[in-house]
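Asks: Position 408, counted from 1, in the first sequence is what numbering that gives the first Met the number 0 calls 407; the numbers after and before it change by one each time, with no gaps.
Glycine is no exception: its CB is placed at the ideal position from the N, C-alpha and C atoms.
Every value quoted in this text rests on a predicted model; they were computed, and no experiment measured them.
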Amino acid sequence: MAKNYYITTPIYYPSAKPHMGHAYSSIIADFFARFKRIQGYNVFYLTGTDEHGQKIERAAKENNKDTLLFCNEISQIFKDLTKKLNLSNNDFIRTTEDRHKKSATNIWNILEKKGEIYLSKYSGWYSVSDEAFYSEDEIEDIDGKKQSISSGSPVEWVEEESYFFKLSKWQESLLKFYSENENFILPISRKNEVISFVKSGLKDLSVSRKSFKWGIPVPSNSDHVMYVWLDALTNYLSALNYPNENDKLYKDFWPADLHIIGKDILRFHAVYWPAFLLAAGIKPPKRVYGHGWILSGDQKMSKSKGNILDPLQIIQTYGLDPLRYYLIKEVSFGNDGNISEEKLENCINSDLANNYGNLCQRVISFCEKNANLKISESINFTDNDKSILSIYEKKFDEILKFIDKQDINSYINFIVTQLFAANKYFNDEAPWKKKSDELRLNTIIYTSLELIRKVTILLYPIIPATSLKVLKSFGIEEKDLKFETIIDHNYIKKGSKIKKIGILFKKI
RNA sequence: GGCGGGGUAGCUCAGUUGGUUAGAGCGCAGGACUCAUAAGCCUGAGGUCAGUGGUUCGAUCCCACUUCCCGCUACCA
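1. Could you check the C-alpha separation between I109 and S161 for me, to the nearest Å?
2. Measuring alpha carbon to alpha carbon, tell me which residue in I451, K478, I461 is nearest V469.
3. Give a yes or no on contact between the stretch 313-326 and the stretch 274-282, applying the rule of three or more CB pairs nearer than 8 Å.
4. What are the start and end residues of the beta strand (DSSP E) that includes L257?
5. Do V227 and H258 count as a contact pair if the criterion is CB distance below 8 Å?
6. When the Cα of E559 is compared with those of L265, K250, L201, H223, which residue comes out closest?
7. Drop a sphere of 10 angstroms on the beta-carbon of D29, count the other beta-carbons inside from all chains shown, and report buried for 16 or more, exposed for fewer.
8. Kindly identify the DSSP beta-bridge partner or partners of S152.
9. Skipping 5 residues on each side, what residues in its chain have a beta carbon closer than 6 Å to that of P186?
10. Give the straight-line distance between the Cα atoms of S102 and K212, rounded to the nearest whole angstrom.
11. Locate the alpha helix (DSSP H) running through Y177, then write down its first and last residues.
12. What three-state label does DSSP hand P9 in the structure shown?
13. Straight-line CA distance for L343 to S122?
14. With DSSP as the reference, identify every bridge partner of M19, one or two as the case may be.
15. Please say whether P17 and F91 have beta carbons closer to each other than 8 Å?
16. Give the single residue among N3, F69, N62 whose Cα lies nearest to the Cα of F43.
17. At a cut-off of 7 Å, is E96 close to the ligand ATP when judged by its beta-carbon and the heavy atoms of the ligand?
18. Is R93 helix, strand or coil when you go by DSSP?
19. Around the Cβ of G200, are there at least 16 other Cβ atoms within 10 angstroms (buried) or fewer (exposed)?
20. Leaving aside the five residues before and after Y424 along the sequence, list all residues of the same chain whose C-beta is less than 6 Å from its C-beta, in chain order.
21. According to DSSP, is L84 helix, strand or coil?
22. Output the distance between the C-alpha atoms of A59 and F69, rounded to the nearest integer angstrom.
23. With a cut-off of 8 Å, do at least 3 Cβ pairs link the stretch 5-19 to the stretch 435-442?
24. If you compare alpha carbons, which of T416, F473, L457, I414 is closest to I521?
25. What residues in its chain sit with their C-beta under 6 Å from that of L229, if we drop five residues either side in the sequence?
26. Quick one: any contact between the stretch 373-389 and the stretch 399-414, if contact means 3 or more CB pairs under 8 Å?
27. If you compare alpha carbons, which of C366, T104, S349, D251 is closest to K328?
28. Compare the C-alpha of N240 against each of K250, L232, A231 and name the closest.
29. Taking 8 Å as the cut-off, decide whether the C-beta atoms of S87 and I55 are in contact.
30. From the DSSP secondary-structure annotation, give me the bridge partner or partners of P216.
31. Please look up how many angstroms separate the CB atoms of L236 and W253, rounded, as I've assumed it's under 8 Å.
32. Using the Cα positions of T465 and P153, report the straight-line distance between them to the nearest angstrom.
33. One question on the structure: do I485 and I456 come within less than 8 Å of each other, judged by their Cβ atoms?
34. Nearest to N85 by alpha carbon, out of R323, I37, F267?
35. For I55, report the span of its alpha helix (DSSP H) as first-last.
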C-alpha cells in the first residue's frame, strides 16, 4: 500500500497583501505536510492563488494594467510568501493557469451534461454603490424607497441571467455523507454548524456571472463566466492533473486527505465542495479542518483599529521559526487565538531561548569542554537513562494519533513536557560533579544528546530551519530525517564528532 | 428570534465517560546548585471550576433556570 497524503491550504485571493491569516493557514498545513513526510508518507502539499473575479478585474483596470499581467504580479507576492514562511509546498496553483481552466471546464461540462446545472435568473436587491446584493431582511423601506440597512444606500430590484447548480437536490446526500464520514468536518463544534445549516434547507447556487468577464468562460455560453466556488474549489483537482484521471498524481492523491481552511470559508468547503463532487461523480475529500482566526490582542485585526500585525514584519523582527512556533504552540488549534509582540517575545524567551535553546547550548557546550565534542564509543545506560529515553517509544502511537486527529495542542504539549524532562535529567545527573567517572560522564552526555535529538525531530515540523541546524550538528541530514528514529536510543553515531552550534534563539 | 459553542488560578488555556488534596505554561515569592543564553532544578502562594436550584452516597463534570461572551442563520472571499 502506497502511503500518500494530500494536504492543501485555501487558494488565496490576492486583492490585498498577505496577512496573518494567510500565514497561519499555510504554516499549519506545512506542519502536517512535514510531519507526514518524516513519517514516511508521500506528501503532496498544495497552495496557490485564486485570481478571478470582479475585484481583480477592476483593480487591474485602476492600475492601468493588463489583467493577467496584473495577476502575475500579485500572485508572485504570495509565491514569495511561501519562501518567507519556509513552506514545503510541492506545487503552487493559480486559477489563471491553463491546467486549472481545463479542469474547471471539465467539471462544468460534466455537471451540465448530468443536468446538475441549469440556466435561470438570479435576482435580488442590488446596491450599485455597494456592489452587493441584499436579502429582504437586510433592506428597509424609507419614504417609499428601498435602501440597505447597513449602508443606507439605495437598492433596486435586479435580475440577471445566471446558471445554477442544483444544490437543493443534494441536501439528503450531504447529510448522509456527513453521518457516514464522522470526521469529515473538524473541529466538531463547526461540524454542528454546517449540519444545521444543511438541515435548514439548501437553495440552488448561482455559479455564473454575466456582469464581468474575468473568469473561466462557461463552455456552452461565452456570455457567462464561472462564478467563484465552482472555479476556485476545483483548484484542488487541477493540481493533480485532473481531468486526466489516469495521471499518477490524481491516482495517488485524490481524494485529498486534509483541506486546511479558515472558519470563514468552511461552508464552501464542507457543503458546496462535496456537493459539486458528488454531483460530478468524484469522491469528496476526506477531511476539512476549519481553524480559527488570529486576533490581535483580543480584537480582530483591522486598519481602523491600527492593530494589524504583518507577518512579514514579524518575521523580519523576530525571525520565522519563532513566529511558526508561536502560532502552533500558543493558539489552541480550532479556536481563535491571539498574538501580540509582548506575548511573542515572552514565548521566545521562555520556550525557545530558555527551555529549548539553552538545553542544546548547555549540553553541547558541556560536551565540548569535557569531551572535545567527541561522542564516546563506550556508553553504558543506567535503568534511569533507559527509562527516560524510552518515553518516546511509549508515546509513539499516541503521537501519531495526535497528528491524525489534528490535535496539535497535545502534540506540542508532549514536546514541551519533554523539554522540561531533558533539562531536569541533565540537572539531576549533574555531570559536572562526575568528571572523574568518564564512562558515566560520557553516558550522561550521550543520553542528553539523544534526548535533544528526539525532541528536535518532533520540533522539525514546527521550526524546521532551527531543527535541521541542531540535527546537522549531530550528523543528521534532512533526507535522513525519520520520525520512527525517535524510538532508537543509539542513533547518534558513537565515535563521531558533533559540531558546535551557536545560540539558537536570542533572548529579547 | 432559532440553532450551536463557551464562562476553570493574575494571564493564556488543558481536563474531568461524576469519586479521595482540580492541572500546565507564563507571571509572582522562597531555596539549593553552577554545565548553560543570570538559563535550568526544587518548594510555595494563588481557584466556593459564572450564579441558583435539582438528581445522586457523592457534581466543576448530568438536569433545569439565570446571567455574560462568541459562532452560524447562504451567493465579498
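Replies: With the given structure in hand:
1. As a working mapping, residue 109 is identified with position 110 in the first sequence. As a working mapping, residue 161 is identified with position 162 in the first sequence. Rounded to the nearest angstrom, the two C-alpha atoms are 18 Å apart.
2. Within the first sequence, residue 469 is the residue found at index 470, counting from 1. With distances taken between CA atoms, V469 lies nearest to I451 out of I451, K478, I461.
3. Flag = no, the stretch 313-326 and the stretch 274-282 do not touch.
4. As a position in the first sequence, residue 257 is number 258, starting the count at 1. Counted as a single uninterrupted DSSP element, the beta strand (DSSP E) harbouring L257 occupies residues 257-261.
5. In the first sequence, residue 258 corresponds to position 259, counting from 1. In the first sequence, residue 227 corresponds to position 228, counting from 1. Against a cut-off of 8 Å, the Cβ pair of V227 and H258 comes out as no contact.
6. Outside the displayed range of the chain (0 to 507) lies residue 559, so it cannot be described from this structure.
7. On the first sequence, residue 29 is found 30 positions in, with the first residue counted as 1. In summary, D29 is buried, with 16 or more beta-carbon neighbours lying within 10 Å of its beta-carbon over all protein chains present.
8. Residue numbering aside, residue 152 sits at position 153 when the first sequence is read from its first letter. Listed as beta-bridge partners of S152 by DSSP are no residues whatsoever.
9. Residue numbering aside, residue 186 sits at position 187 when the first sequence is read from its first letter. Only G333 meet the Cβ criterion.
10. Residue 102 sits at position 103 when you count from the first residue of the first sequence. Residue 212 sits at position 213 when you count from the first residue of the first sequence. Linking S102 to K212 through their CA atoms gives a straight-line distance of about 19 Å.
11. Here residue 177 refers to the residue found at position 178 of the first sequence. For Y177, the enclosing alpha helix (DSSP H) stretches over residues 170-179.
12. Position 10 of the first sequence, counted from the first residue, corresponds to residue 9. Residue state, collapsed to three classes: strand.
13. Position 344 of the first sequence, counting from 1, holds the residue named residue 343. Position 123 of the first sequence, counting from 1, holds the residue named residue 122. Roughly 48 Å separates the two Cα atoms.
14. In the first sequence, the residue the question calls residue 19 occupies position 20. The partner list for M19 (beta bridge, DSSP) is empty, contrary to what the question assumes.
15. Looking up residue 91 in the first sequence gives position 92. Looking up residue 17 in the first sequence gives position 18. Using a Cβ distance threshold of 8 Å, F91 and P17 do not count as a contacting pair.
16. The residue given as residue 43 occupies position 44 in the first sequence. Taking only the C-alpha atoms, the option nearest F43 is N3.
17. Judged by which ligands are present, the structure shown has none, so any question about the ligand ATP falls away.
18. Taking the first residue of the first sequence as position 1, residue 93 is located at position 94. Residue state, collapsed to three classes: strand.
19. Here the question's residue 200 lines up with position 201 in the first sequence. Exposed, since its Cβ has fewer than 16 Cβ neighbours within 10 Å.
20. In the first sequence, the residue the question calls residue 424 occupies position 425. I387.
21. For this step, residue 84 is matched to residue 85 along the first sequence. Annotated three-state conformation of L84 is coil, per DSSP.
22. For this step, residue 59 is matched to residue 60 along the first sequence. For this step, residue 69 is matched to residue 70 along the first sequence. Each residue's Cα considered, the two are about 6 Å apart.
23. They do not touch, by the three-pair rule.
24. Here the chain has residues from 0 to 507 only, and residue 521 is not among them.
25. Taking the first residue of the first sequence as 1, we reach residue 229 at position 230. Cβ neighbours of L229 within its own chain (closer than 6 Å, five residues either side excluded): V206.
26. No: the two stretches stay apart, fewer than three of their Cβ pairs being nearer than 8 Å.
27. Within the first sequence, residue 328 is the residue found at index 329, counting from 1. Of the candidates C366, T104, S349, D251, the one whose C-alpha sits nearest the C-alpha of K328 is S349.
28. In the first sequence, counting from the first residue as 1, residue 240 sits at position 241. Residue K250 is the option with its Cα nearest to N240.
29. The sequence position of residue 87 within the first sequence is 88, counting from 1. The sequence position of residue 55 within the first sequence is 56, counting from 1. Not closer than 8 Å, so no.
30. One-based indexing of the first sequence puts residue 216 at position 217. Partner(s): V224.
31. Position 237 of the first sequence, counted from the first residue, corresponds to residue 236. Position 254 of the first sequence, counted from the first residue, corresponds to residue 253. The Cβ separation is near 7 Å, so the contact holds.
32. In the first sequence, residue 465 corresponds to position 466, counting from 1. In the first sequence, residue 153 corresponds to position 154, counting from 1. Taking the straight line joining both Cα atoms gives about 56 Å.
33. The residue given as residue 485 occupies position 486 in the first sequence. The residue given as residue 456 occupies position 457 in the first sequence. Yes, these two residues count as a Cβ contact at 8 Å.
34. Translated into the one-based positions of the first sequence, residue 85 becomes position 86. Taking the Cα of N85 as reference, the smallest distance to any Cα among R323, I37, F267 is reached at R323.
35. Counting from one through the first sequence, the residue named residue 55 turns up at place 56. Note, I55: alpha helix (DSSP H), 53-61.
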